[in-house]
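K.L.:
Here the sequence shown stands for residues 13 to 285, numbered as in my numbering. Even for Gly, the Cβ is constructed at its ideal location relative to N, Cα and C.
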Amino acid sequence: MKKEPTGIEGFDEISRGGLNAGSINLISGRPGTGKTLFGISFIFAGAEQGEKGLFVTFEESIESIVENLDPNYVERLKKYHDKVLVNDIAALRTKARMERETIEVLNIDVITNSLRTQIEREGIKRVFIDGLSALSVSLPSEEDYKRSVFLIFSLLRQMRVTTLITSEFVETGRFSKSGYEEFLADSLILLSKDGWKRYVEIIKMRGSDFSAGRHFLKIVSSNLVVYPRLKVSGKGKRTNERIRTGIAGLDAMLSGGLLKGTTTLVSGPSGVG
Numbered sequence: 013m014k015k016e017p018t019g020i021e022g023f024d025e026i027s028r029g030g031l032n033a034g035s036i037n038l039i040s041g042r043p044g045t046g047k048t049l050f051g052i053s054f055i056f057a058g059a060e061q062g063e064k065g066l067f068v069t070f071e072e073s074i075e076s077i078v079e080n081l082d083p084n085y086v087e088r089l090k091k092y093h094d095k096v097l098v099n100d101i102a103a104l105r106t107k108a109r110m111e112r113e114t115i116e117v118l119n120i121d122v123i124t125n126s127l128r129t130q131i132e133r134e135g136i137k138r139v140f141i142d143g144l145s146a147l148s149v150s151l152p153s154e155e156d157y158k159r160s161v162f163l164i165f166s167l168l169r170q171m172r173v174t175t176l177i178t179s180e181f182v183e184t185g186r187f188s189k190s191g192y193e194e195f196l197a198d199s200l201i202l203l204s205k206d207g208w209k210r211y212v213e214i215i216k217m218r219g220s221d222f223s224a225g226r227h228f229l230k231i232v233s234s235n236l237v238v239y240p241r242l243k244v245s246g247k248g249k250r251t252n253e254r255i256r257t258g259i260a261g262l263d264a265m266l267s268g269g270l271l272k273g274t275t276t277l278v279s280g281p282s283g284v285g
């Protein structure tokens with residue numbers, strides 16, 4: 013299966029090359045765990061390969077996001093202005109609240125048509141949707157929200173773009189607002205914090221192998237870096253070959269030395285040699 017690199021050091025290793033091409037990937041976590049930074053890195057990785065990406069914001073306006081970005085990311089955004097497009101739905105939601113009116117652009121059919129037009133017209137290969145759950149605020153019921161999520165996911169599958177969507181981890185143990193998003197997604201990635209320590213864990217990735225379990229995650233010079241957990245390679249080959257220690261008496265006691273491939277602990281108080 014073709015993979016799309018995320019541009020995040022270490023993550024492409026644990027995911028066996030990145031995200032599956034054409035897949036929809038949900039990244040969940042509490043506020044401050046690095047979800048938006050992960051998505052922006054994913055879009056920039058595509059731009060560096062000459063691929064166009066679409067950044068869709070539902071919760072925080074692009075202006076607000078840029079204000080909080082590291083200057084290096086702002087410069088990259090300027091550099092790839094022709095490769096990174098923006099659909100700032102969050103700003104339109106704010107405008108609607110300020111004017112105390114419902115504007116048509118918040119209608120789900122209008123949103124999906126807008127996404128379809130941008131993807132087709134610009135030849136978009138990657139899509140990053142930040143804060144999809146914020147869409148529920150403008151909808152009357154959870155069923156309407158689920159319908160909207162289904163329509164957006166269906167469109168993205170139809171367009172065969174590789175998509176990353178952020179979601180808030182909720183206290184009930186769900187990885188998304190309704191639990192429906194994680195059911196529809198091809199892969200589920202969890203970001204978490206425990207004090208000063210950060211972790212990333214791939215919960216599922218359809219059609220692809222991956223390195224399971226929690227892996228350390230750090231923000232280094234404003235870039236996400238994953239440190240894959242150590243993996244035992246399996247049983248080594250048994251051998252009777254001996255490695256001499258260089259101490260004649262000890263080698264005689266050990267029938268010729270230490271067994272090749274083994275680990276030996278030498279213990280004793282200080283000064284005994």
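Which partner residues does T174 have in the DSSP bridge list?
P.N.:
Residue numbering aside, residue 174 sits at position 162 when the sequence shown is read from its first letter. Bridge partners of T174: R138.
K.L.:
Between which two residues does the alpha helix (DSSP H) carrying V182 extend?
P.N.:
Position 170 of the sequence shown, counted from the first residue, corresponds to residue 182. V182 -> no alpha helix (DSSP H), and no H or E assigned at all.
K.L.:
According to DSSP, simplified to helix, strand and coil, what is M13?
P.N.:
Here residue 13 refers to the residue found at position 1 of the sequence shown. M13 falls in the coil class under three-state DSSP.
K.L.:
Helix, strand or coil for M265? Go by DSSP, reduced to three states.
P.N.:
Along the sequence shown, read from residue 1 onward, the residue named residue 265 stands at position 253. Looking at M265 - three-state DSSP - the assignment turns out to be helix.
K.L.:
Kindly provide the ranges of any alpha helix (DSSP H) runs that are 4 or more residues long and lie completely inside the region 21-97, ordered along the chain.
P.N.:
Taking only runs of at least 4 residues, the alpha helix (DSSP H) segments lying wholly in the region 21-97 are 23-26, 47-60, 74-79 and 83-91.
K.L.:
Mind checking which residues open and close the beta strand (DSSP E) that includes E213?
P.N.:
Stepping through the sequence shown from its first residue, residue 213 is reached at position 201. From DSSP, the beta strand (DSSP E) with E213 extends over K209 to M217.
K.L.:
Taking the beta strand (DSSP E) that F228 falls in, what are its first and last residues?
P.N.:
Working through the sequence shown from its first residue, we reach residue 228 at position 216. First-last of the beta strand (DSSP E) with F228: R226 to V232.
K.L.:
Mind checking who V122 pairs with in its DSSP beta bridge?
P.N.:
Locating residue 122 in the sequence shown gives position 110, counting from the first residue. Answer is none; V122 lacks a bridge partner.
K.L.:
Are at least three pairs of beta-carbons, each pair with one atom in the region 190-200 and one in the region 29-47, less than 8 Å apart?
P.N.:
Output reads yes: the region 29-47 touches the region 190-200.
K.L.:
Tell me, please, whether the region 222-240 touches the region 18-34 by the rule of three or more beta-carbon pairs shorter than 8 Å.
P.N.:
In short, these stretches touch, since the Cβ pair count reaches three.
K.L.:
Taking the alpha-carbon positions, what's the T275 to A264 distance?
P.N.:
Walking along the sequence shown from the start, residue 275 turns up at place 263. Walking along the sequence shown from the start, residue 264 turns up at place 252. Their Cα atoms are separated by approximately 19 Å.
K.L.:
What does a CB cutoff of less than 8 Å around L167 pick up in its chain, not counting 5 residues either side in sequence?
P.N.:
In the sequence shown, residue 167 corresponds to position 155, counting from 1. Cβ neighbours of L167 beyond the five flanking positions: T124, L127 and R128.
K.L.:
Out of curiosity, what's the CA-to-CA distance linking S279 and T257?
P.N.:
What you label residue 279 is simply residue 267 of the sequence shown in a count that begins at 1. What you label residue 257 is simply residue 245 of the sequence shown in a count that begins at 1. Going from the Cα of S279 to the Cα of T257 covers about 16 Å.
K.L.:
Are the CB atoms of L66 and I120 nearer to each other than 7 Å?
P.N.:
Locating residue 66 in the sequence shown gives position 54, where the first residue counts as 1. Locating residue 120 in the sequence shown gives position 108, where the first residue counts as 1. No. Outside cutoff.
K.L.:
Can you give me the Cβ contacts of T18 inside the same chain, cut-off strictly under 7 Å, excluding the 5 residues immediately before and after it?
P.N.:
Here residue 18 is taken as the residue at index 6 of the sequence shown, counted from 1. Answer for T18: D24, G30, L31, S53, F54 and A57, listed in chain order.
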